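The working numbering puts the first residue of the sequence shown at 11, with every later residue one more than the last.
Built from N, CA and C at the ideal position, the CB exists for glycine as well.
Fair warning: this is a prediction, and the values are worked out from it, not measured in the lab.
To keep things clear, I will list the structure first and then write my remarks on it.
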Amino acid sequence: NGKLVSAQIDALHVSERTLLDLKTTSAWKVVNKDYDKYEKQMNIQAYLAGLHGYEVEKIQVVVICRDWSKVRSGELNYPNTPIQIVDLDLWSKKEQELYIRERLELHFGEGEKVCTDEDRWMRPESFAVKVKGKKRALRVLPTMKSALLYAADNNLADSKYSIEERPATYTRCESYCAVSKWCSQFNATK
């Protein structure tokens, strides 16, 4: 549809038909198996490689954990080494093409664009239970109800604690989006 889609491929083992991408990230990405964005990116790359005659049968991300700790390496799900090779799901050509078309439509289609909370790097609303006069919270909880229950369960007298409401924040919109000052979605959250 007149749009040029390109990709920067880190490594392609042609004989093994394996596409690799290098990522430096937190060890917690490995612990949480948070690879969704990597999978999407690499399926786009695999599709484009196929258009240029390089068939891809396997996609892997080489994760370099910048905050890896040897002390924690024995813990459940924590990476045992600072470098991990992770196999990702390779979608069918049809799924890859559909995803690319959906993303192009999202960016170049008609109408106002609506970003997801994930796109906006949302940090949800929370409620901080604090001792009056102190800066640090005793506990930060997702709802007012859970904050009140925490205070009651810990026998905090009304006169000795407060609950600070912390509104949701949208880090990408606030600090990284070049058009946020004109965005009705972002400005509605202010």
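(request) Answer yes or no: do Val-124 and Gln-55 have a C-beta to C-beta separation smaller than 8 Å? (result) Cβ atoms of Val-124 and Gln-55: not closer than 8 Å.
(message) Please classify Phe-137 as buried or exposed, where buried requires at least 16 neighbouring CB atoms within 10 angstroms.
(response) By the neighbour-count definition (other C-beta atoms within 10 Å, threshold 16), Phe-137 is a buried residue.
(request) Measure the Cβ-Cβ separation of Leu-22 and Ile-74 and say whether it is below 8 Å. (result) No, the Cβ-Cβ distance between Leu-22 and Ile-74 is not below 8 Å.
(message) Quick test of the definition: if touching needs 3 or more C-beta pairs under 8 Å, does the stretch 67 to 82 touch the stretch 35 to 43?
(response) Note that the stretch 67 to 82 touches the stretch 35 to 43; at least 3 beta-carbon pairs, one per stretch, sit closer than 8 Å.
(message) Between the alpha carbons of Glu-65 and Pro-152, how many angstroms are there, rounded?
(response) When rounded, the distance between both Cα atoms is 46 Å.
(request) For Lys-142, collect the residues of the same chain with a Cβ closer than 8 Å to its Cβ; drop the 5 residues on either side in sequence, then sort them by chain order. (result) Around Lys-142: Ser-169, Lys-170, Tyr-171 and Ser-172.
(message) Can you give me the C-alpha to C-alpha distance between Asn-53 and Lys-103, rounded to a whole angstrom?
(response) CA-to-CA, the gap between Asn-53 and Lys-103 works out to about 9 Å.
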